[in-house]
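Residue numbers (this note's numbering), protein chains in the order written: chain A, 175 to 593; chain B, 80 to 404.
By construction, the Cβ of each residue, glycine as well, lies at the ideal position given by its N, Cα and C atoms.
Bear in mind that the values here come from a model prediction, so they are computed numbers and not experimental data.
Everything on this sheet refers to the single structure shown next.
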């Protein structure tokens with residue numbers, strides 16, 4: 175059976191993102207006739223003539239009434255080789271908040287530009303956010319090629335400019351495709367109008383880009399979610415640590431250390447609902463049996479002792495601030511990392527990331543909504559952390575309002591913690 | 080009956096062969112998309128069990144809630160299910176589904192709460208709608224029962240592919256003291272870190288099947304041998320046509336004047352309130368035939384079978400804002 179690719183899209187207003195998403199869904203036969211009929215009815219009700227594919231994805235009453243996209247929408251399509259989960263992010267309202275949300279789980283990002291305009295300021299911002307969240311693969315779709323007569327020099331110029339920006343941001347893998355979302359050129363089918371283009375179609379690239387390898391190659395991390403102790407007649411002494419392997423490979427016989435508590439033991443069994451297995455890999459939810467009854471409840475992370483995460487009580491991190499109320503030094507918050515939530519104080523702001531230049535500015539007085547900046551955070555209890563740069567699956571955390579419980583920021587553990 | 084028992088007990092016990100820990104192909108090597116969805120759902124269920132005091136699982140007896148229950152058993156095995164099921168009963172039931180529900184609950188030793196819409200109508204807290212449809216009436220009994228038992232996390236089998244409004248739903252989604260959903264005030268949901276913090280009176284809805292499609296559900300039912308009610312497979316049934324759907328004749332709504340009962344080979348793609356859930360013509364009697372049919376269908380399951388979603392463009396959003404599933 176096919177694998178799963180999670181992807182996200184980013185585009186400025188009017189560069190045809192909804193049309194591209196609609197085209198992908200339509201060309202993979204993922205739009206069914208009653209959905210098309212509903213879009214058709216809605217288009218006509220608004221006085222439109224040509225099928226407005228944006229109405230397929232804009233689901234909320236307010237979105238349809240105002241003709242804008244408010245929130246991330248999730249779309250599903252599949253080809254014989256892969257299933258796709260697409261986080262479709264709006265281009266304007268709450269832009270950073272939504273893009274950060276979509277990018278946090280994406281293995282690939284499709285960035286859109288209008289061939290007539292080339293790279294615009296928003297494109298750089300999109301790419302900067304993808305780089306910030308270390309989306310492993312970024313793809314540029316140069317859209318509306320039909321409006322520039324499928325001109326190769328225009329495409330090449332945009333391609334090389336984008337590659338240069340990507341390089342400067344440290345984005346490793348960029349593929350650029352000339353498309354017309356409206357007419358379907360190079361989306362799912364190769365266009366006869368771009369004979370000079372030898373690369374893959376957009377869909378071909380989505381079907382073949384490697385997935386999951388990165389997580390399996392990283393050091394093993396197993397955040398313990400809960401301890402299963404059935405105490406039934408059948409299992410009087412069972413004590414299993416339930417969790418999902420965040421990264422790496424776990425095998426029976428491995429020596430492990432539980433952090434932050436520091437207890438050590440050996441893996442004697444890995445249970446799955448289908449029976450015991452000898453090894454399991456990143457992404458799998460399993461139950462781990464240990465030789466010793468060490469302190470390894472919820473909030474602990476199992477790791478190999480020689481590749482252990484760092485235990486810290488002060489965190490240097492980048493924050494993407496997602497709340498209306500600005501962040502100022504001294505704020506008391508909660509930090510949720512893996513399966514552990516601790517009280518914390520933001521002791522200092524160390525700089526603000528300028529998304530135009532990608533340089534950090536002087537320490538600001540406050541971090542406003544949608545801004546990204548560095549912060550020092552003092553923790554009431556220790557956390558076992560990896561830097562986000564080395565492990566995307568264990569380096570992220572949430573900053574939560576201790577009073578109303580709202581999510582205030584996406585946090586990325588800085589590399590200074592993991593020296 | 081016994082078949083159901085053995086299949087689920089096998090799921091609960093883990094199907095062990097102590098002398099031959101032969102690794103199922105999917106474990107330890109690569110993760111295919113169904114295994115990835117399963118692991119994601121198990122992770123979500125375990126997070127909720129670890130962080131909440133009083134979870135409950137909404138169980139209608141339909142295929143999505145059957146898969147959800149199966150995943151919950153797998154997530155926590157060999158421990159027994161630590162939370163009850165809740166069925167909001169419209170009174171317009173398919174007898175086969177109620178029998179399936181009761182068998183499952185009895186054989187697995189689960190706890191089941193039933194909130195019957197009829198009770199709310201009888202004591203005046205609800206009034207029957209002129210059209211006789213009871214699907215929209217489920218919201219009040221649901222919220223009253225959540226309050227009465229102080230449930231703080233309510234698992235549901237809703238999927239994002241079902242509806243435009245559901246496509247914007249979070250996996251862990253906050254409900255205010257009135258059970259309402261405010262799509263403009265949703266918390267951003269990052270990585271696989273779920274923020275379920277809530278204040279007194281609020282609760283969260285949790286949707287572990289968010290990223291599953293109808294076809295994924297059927298592939299999973301086939302792979303894990305998940306029991307579902309027989310009416311999901313083709314059978315002969317007395318039906319009558321209304322609004323382009325085949326409805327079952329019953330005391331609650333039909334046939335009315337001019338509607339003629341015919342016997343057809345049909346199956347159900349969804350199972351809800353029997354007065355507004357239609358059957359589709361089908362000859363698919365095996366799981367493989369159902370899979371083929373679902374894969375080639377050109378109509379969504381809700382479009383084919385749910386009258387309640389045809390009320391308006393944003394029918395689901397409006398019901399969700401009021402506290403519906």
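Top-ranked residue by Cα proximity to residue i, from the options
i, options, result
"residue 372(A)", "381(A), 380(A), 360(A), 382(A)", "360(A)"
"residue 354(A)", "226(A), 190(A), 183(A)", "190(A)"
"residue 332(A)", "285(A), 389(A), 357(A)", "285(A)"
"residue 348(A)", "368(A), 383(A), 367(A), 405(A)", "383(A)"
"residue 412(A)", "388(A), 443(A), 429(A)", "443(A)"
"residue 286(B)", "110(B), 111(B), 148(B), 140(B)", "148(B)"
"residue 390(A)", "403(A), 326(A), 425(A), 543(A)", "425(A)"
"residue 260(A)", "269(A), 275(A), 271(A)", "275(A)"
"residue 370(A)", "471(A), 323(A), 406(A), 407(A)", "323(A)"
"residue 559(A)", "548(A), 586(A), 307(A), 549(A)", "586(A)"
"residue 448(A)", "238(B), 139(B), 111(B), 156(B)", "156(B)"
"residue 420(A)", "388(A), 525(A), 429(A), 441(A)", "388(A)"
"residue 112(B)", "556(A), 548(A), 504(A), 251(A)", "251(A)"
"residue 241(B)", "288(B), 227(B), 259(B)", "288(B)"
"residue 306(B)", "186(B), 273(B), 210(B)", "186(B)"
"residue 231(B)", "256(B), 248(B), 237(B), 368(B)", "256(B)"
"residue 176(A)", "366(B), 316(B), 295(B), 320(B)", "295(B)"
Cβ separation of residue i and residue j, assumed to be a contact under 8 Å, to the nearest whole Å
i, j, result
"residue 208(B)", "residue 216(B)", "7 Å"
"residue 363(B)", "residue 325(B)", "Between residue 325(B) and residue 363(B) the Cβ distance is about 15 Å, and since that is not below 8 Å, they are no contact."
"residue 527(A)", "residue 583(A)", "Contact doesn't hold; Cβ gap of about 13 Å is too wide."
"residue 457(A)", "residue 271(B)", "Not quite, the Cβ-Cβ distance comes to about 10 Å (not below 8 Å), so this is no contact."
"residue 512(A)", "residue 462(A)", "Not a contact, Cβ separation roughly 15 Å."
"residue 508(A)", "residue 576(A)", "5 Å"
"residue 298(B)", "residue 346(B)", "About 17 Å; that fails the 8 Å criterion."
"residue 398(A)", "residue 417(A)", "5 Å"
"residue 183(A)", "residue 262(A)", "6 Å"
"residue 298(A)", "residue 339(A)", "6 Å"
"residue 256(A)", "residue 179(A)", "6 Å"
Chain-ordered neighbours of residue i on chain A, where CB pairs are closer than 7 Å
i, result
"residue 126(B)", "399"
"residue 292(B)", "250"
"residue 232(B)", "Here the premise fails: no neighbours, minimum Cβ distance about 14 Å."
Chain-ordered chain B contacts of residue i [CB-CB under 7 Å]
i, result
"residue 279(A)", "270"
"residue 118(A)", "This structure cannot settle anything about residue 118(A), because the visible part of chain A is limited to 175 through 593."
"residue 257(A)", "112"
"residue 200(A)", "By Cβ distance, chain B contributes nothing, its closest Cβ being about 13 Å from residue 200(A), past 7 Å."
"residue 271(A)", "267"
"residue 158(A)", "Outside the shown range of chain A (175 to 593) lies residue 158(A), about which nothing can therefore be said."
Neighbouring residues, chain B, relative to residue i (Cβ below 9 Å)
i, result
"residue 247(A)", "239, 243, 246, 247"
Proximal residues of chain B, C-beta to C-beta of residue i below 8 Å
i, result
"residue 411(A)", "Those within 8 Å of residue 411(A) in chain B number zero; the least Cβ separation is about 11 Å."
"residue 274(A)", "267, 269"
"residue 416(A)", "125, 154, 155"
Interface residues of chain A facing residue i [CB-CB closer than 9 Å]
i, result
"residue 159(B)", "404, 406"
"residue 382(B)", "206, 207, 208, 209, 211, 212"
Neighbour list for residue i in chain A, Cβ cutoff strictly below 8 Å
i, result
"residue 129(B)", "399, 400, 472, 513"
"residue 402(B)", "None at all; the shortest Cβ gap to chain A is about 17 Å."
Short-range partners of chain B found in the stretch 287-313 of chain A, where Cβ spacing is below 8 Å: Taking 8 Å as the cut-off between beta carbons, none of the residues of the stretch 287-313 of chain A comes near chain B.
Residues, ordered as in the chain, of the stretch 322-351 of chain B that lie near chain A by beta-carbon distance below 7 Å: Cβ contacts with chain A come from no residue of the stretch 322-351 of chain B.
Chain B contacts made by the stretch 175-198 of chain A, where a contact means CB separation under 7 Å: Cβ contacts with chain B: 175, 176, 177, 178.
Interface residues of the stretch 524-540 of chain A facing chain B [CB-CB below 8 Å]: Listed by position, the residues of the stretch 524-540 of chain A near chain B (Cβ gap below 8 Å) amount to none.
Beta strand (DSSP E) segments (min. 3 residues) lying fully within the stretch 329-400 of chain A: Complete beta strand (DSSP E) runs here, min 3: 348-352.
Contact list for the stretch 109-123 of chain B against chain A, Cβ threshold 9 Å: Flagged, chain order: 109, 110, 111, 112, 113, 114, 115, 116, 117, 118, 119, 120, 121, 122.
Beta strand (DSSP E) segments (min. 3 residues) lying fully within the stretch 263-342 of chain B: Counting only runs of 3 or more, we get 282-285, 314-321, 324-327.
Where the stretch 271-288 of chain B meets chain A: residues whose CB sits under 8 Å from a CB there: Answer in chain order: 271, 272, 274, 276, 277, 278.
Contact residues within the stretch 565-587 of chain A, judged by C-beta distance below 8 Å to chain B: Taking 8 Å as the cut-off between beta carbons, the residues of the stretch 565-587 of chain A near chain B are 567, 570, 571, 572, 574, 578, 579, 580, 581, 584, in sequence order.
Positions along the stretch 153-185 of chain B whose CB lies within less than 8 Å of some CB in chain A: Considering only beta carbons, the part of the stretch 153-185 of chain B lying closer than 8 Å to chain A consists of 153, 154, 155, 156, 157, 158, 159, in chain order.
Residues within the stretch 442-456 of chain A neighbouring chain B, beta-carbon criterion of under 7 Å: Identification of residues in the stretch 442-456 of chain A having a C-beta nearer than 7 Å to some C-beta of chain B yields 445, 446, 447, 448, 449, 450, 451, 452, 453, 454, 455, given in sequence order.
Residues of the stretch 204-221 of chain B with Cβ closer than 8 Å to any Cβ of chain A, in chain order: Listed by position, the residues of the stretch 204-221 of chain B near chain A (Cβ gap below 8 Å) amount to none.
Interface positions of the stretch 488-505 of chain A facing chain B (Cβ-Cβ less than 7 Å), listed along the chain: Within the stretch 488-505 of chain A, contact with chain B at the beta-carbon level (separation under 7 Å) is assigned to 496.
Cβ-based contacts, 8 Å cut-off: residues of the stretch 365-397 of chain A near chain B: So the close ones are 386.
In chain order, each alpha helix (DSSP H) run of at least 4 residues that lies wholly inside the stretch 116-185 of chain B: 142-155, all fully within the stretch 116-185 of chain B.
Interfacial residues, the stretch 317-330 of chain A to chain B, with Cβ spacing under 8 Å: With the criterion set as a beta carbon lying under 8 Å from some beta carbon of chain B, the stretch 317-330 of chain A has no members that meet it.
Where the stretch 457-468 of chain A meets chain B: residues whose CB sits under 7 Å from a CB there: Within the stretch 457-468 of chain A, the residues whose Cβ lies closer than 7 Å to some Cβ of chain B are 457, 458, 459, listed in chain order.
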